[in-house]
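Comments concern the structure below.
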Amino acid sequence: MILLGSHRILVQGVTGRQGTFWTSEMIKYGAAVVGGVNPRKAGTSHLGLPVFASAREMTGKFDVALMFVPPLSAKTAAIDACEAGAKLVICLAEHIPTHDVMEMLAGAKANGCRIAGPNTAGLVTPGQTFAGIMPAFNSRIFKAGGIGVISRSGSLGALACLNLTRSGMGQSAFFGVGGDPMIGTTTREALEMFDRDERTSAVVICGEIGGSAEEEAAEYAQGMRKPVAAFIAGRSSPPGKKMGHAGAIVDGGRGGYASKRRALESAGVPVADLPSELPALISGAGS
């Protein structure tokens, strides 16, 4: 699901330092934040928002749960939000135990909820709303427009948006899928969402070495009418060495830069050597 200004956001861990800072920025930006969760401060108010002991106390009164919670608390918070009727749970934390992530994803599926992350920087819809730790309020980076941006990395996604904005191309939305090996919403699923979105005229994919996310997205992109361009980070990374994100590890030829680039280009998706080339590629991809 693409985040919209009409979506009501519940912030789990709202009273912490990061939760406080980013929730404050979200409210100033115009995001519809309706409350927060902290069991130890239930019944109080924070940033002018009511604080609850659990998401279940807000059942039916929010659409999106944003999690500023530590890794070992992520499973409980995510399942609480899913069972309270969240349509989307945004999980910022990384280093969540694998079995916990599996339970989170199972809980989301059982309740008809989608998870963004773990290890996502969040979602942005320029001019409307944002949820997470992306600088939506920086007009040099984000600008309303028609390009959908998908990224495993928050910093790489911000760089792609910066280059698009500098070239006069705004974004319909930014979707951070997350950099962990096991995530909820995949790059392909995010691409499908942008393909269906009437506000999106073209899509940029910011990928990384490791896993098969970009190859799977390439299979779908081959049948799209909307232009798609991509950048893959990690071209010079040595095989077998973990680089940055937990998902950025190459085993032999699988998940390597060459295989990802080959899959995308075979599907008609031009791949930039540098992020600064993305505006020109996305402009040319539709011609």
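Residue 271 in our numbering sits at position 252 of the sequence shown; the count goes up by one each step and never skips.
Beta carbons are placed, not taken as given, at the ideal position from N, Cα and C, and that holds for glycine.
Owing to the predicted nature of the structure, the values given are computational and were not obtained by experimental measurement.
Contact under 8 Å by Cβ, glutamine 241 with glycine 303 = By the CB criterion at 8 Å, glutamine 241 and glycine 303 fall outside the cutoff.
Leaving out the 5 sequence neighbours to the left and right, which residues in its chain are closer than 7 Å to aspartate 99 when beta-carbon positions are compared?
-> If we look at aspartate 99 and ignore the five residues flanking it on each side, its Cβ neighbours are Ser73, Ala74 and Arg75.
Okay, do the region 115-127 and the region 196-203 touch, 3+ Cβ pairs below 8 Å being the bar?
-> They touch, by the three-pair rule.
Evaluate contact between the region 159-166 and the region 185-196, counting only Cβ atoms and requiring at least three cross-stretch pairs below 8 Å.
-> Touching, yes, given that three or more Cβ pairs across the two stretches are closer than 8 Å.
Decide if the region 108-119 is in contact with the region 75-85; the criterion is three or more beta carbon pairs, one per stretch, under 8 Å apart.
-> Yes: at least three Cβ pairs fall under 8 Å.
Residue interval of the beta strand (DSSP E) (run including glycine 195) | Taken as a continuous stretch (DSSP letters only), the beta strand (DSSP E) holding glycine 195 covers 190-195.
Classification of glutamine 31 by the beta-carbon crowding that lies within 10 angstroms, buried from 16 upward = When all chains shown are included, glutamine 31 counts as buried.
Report the partner residues of methionine 212 according to the DSSP bridge assignment.
-> The partner list for methionine 212 (beta bridge, DSSP) is empty, contrary to what the question assumes.
Measuring CA to CA, which of Ile224, Ala129 and Gly136 is closest to threonine 117?
-> Gly136 is the residue among Ile224, Ala129 and Gly136 whose C-alpha sits nearest the C-alpha of threonine 117.
Residue interval of the beta strand (DSSP E) (run including proline 137) = Careful: proline 137 lies outside any beta strand (DSSP E) and carries neither H nor E.
Measure how close the beta-carbons of glycine 141 and phenylalanine 87 come, nearest whole angstrom, since I'm counting them as under 8 Å.
-> At roughly 11 Å, the Cβ-Cβ gap does not stay under 8 Å, so glycine 141 and phenylalanine 87 are not in contact.
Can you name, in chain order, every residue of its own chain whose Cβ lies under 8 Å from the Cβ of tryptophan 166, other than the five neighbours on each side?
-> It is worth fixing the name first, because residue 166 is isoleucine in this sequence and not tryptophan. Result list for isoleucine 166: Leu183, Met188, Gly189, Gln190, Ser191, Thr219, Ser220, Ala221, Val222, Val223 and Ile301, in chain order.
Do you know whose CA, among Tyr239, Ala51, Gly198 and Val52, lies nearest glycine 226's CA?
-> The candidate whose alpha carbon is nearest that of glycine 226 is Gly198.
Inside the region 101-135 only - alpha helix (DSSP H) runs reaching at least 4 residues | Counting only runs of 4 or more, we get 117-129.
Using 10 angstroms around the beta-carbon of leucine 297, count the other beta-carbons present and answer buried if the total reaches 16, otherwise exposed.
-> By the 16-neighbour rule on beta-carbons within 10 angstroms, leucine 297 is buried.
Alpha carbon to alpha carbon, how far is threonine 144 from glycine 62?
-> Cα to Cα, the separation comes out at about 31 Å.
Entirely enclosed alpha helix (DSSP H) segments - the region 25-105, minimum 4 residues = For the region 25-105, whole alpha helix (DSSP H) runs of length 4 or above, ordered along the chain, are 36-48 and 93-102.
Glycine 24 beta carbon less than 8 Å from that of glycine 54 | Note that the C-beta distance between glycine 54 and glycine 24 is not below 8 Å.
Could you tell me the distance, in whole angstroms, from the CA atom of alanine 277 to the CA atom of isoleucine 251?
-> Taking the straight line from one Cα to the other gives about 10 Å.
Identify whether serine 278 lies in helix, strand or coil by the three-state DSSP scheme.
-> Taken through DSSP and simplified to helix, strand or coil, serine 278 comes out as helix.
Inter-residue Cα distance where the pair is glycine 275 and methionine 153 | Taking the straight line from one Cα to the other gives about 27 Å.
Would you mind working out which of Asp119, Asn130 and Gly195 sits nearest glycine 151, comparing C-alpha positions?
-> Nearest to glycine 151 by alpha-carbon distance, out of Asp119, Asn130 and Gly195, is Gly195.
Helix, strand or coil: which one does DSSP assign to serine 170?
-> Of the three classes helix, strand and coil, the one that applies to serine 170 here is strand, per DSSP.
Of all the options Lys128, Arg185 and Asn138, which has the alpha carbon lying nearest to the alpha carbon of arginine 171?
-> Among Lys128, Arg185 and Asn138, the Cα nearest to that of arginine 171 belongs to Asn138.
Does DSSP classify threonine 144 as helix, strand or coil?
-> Here threonine 144 sits in strand by DSSP.
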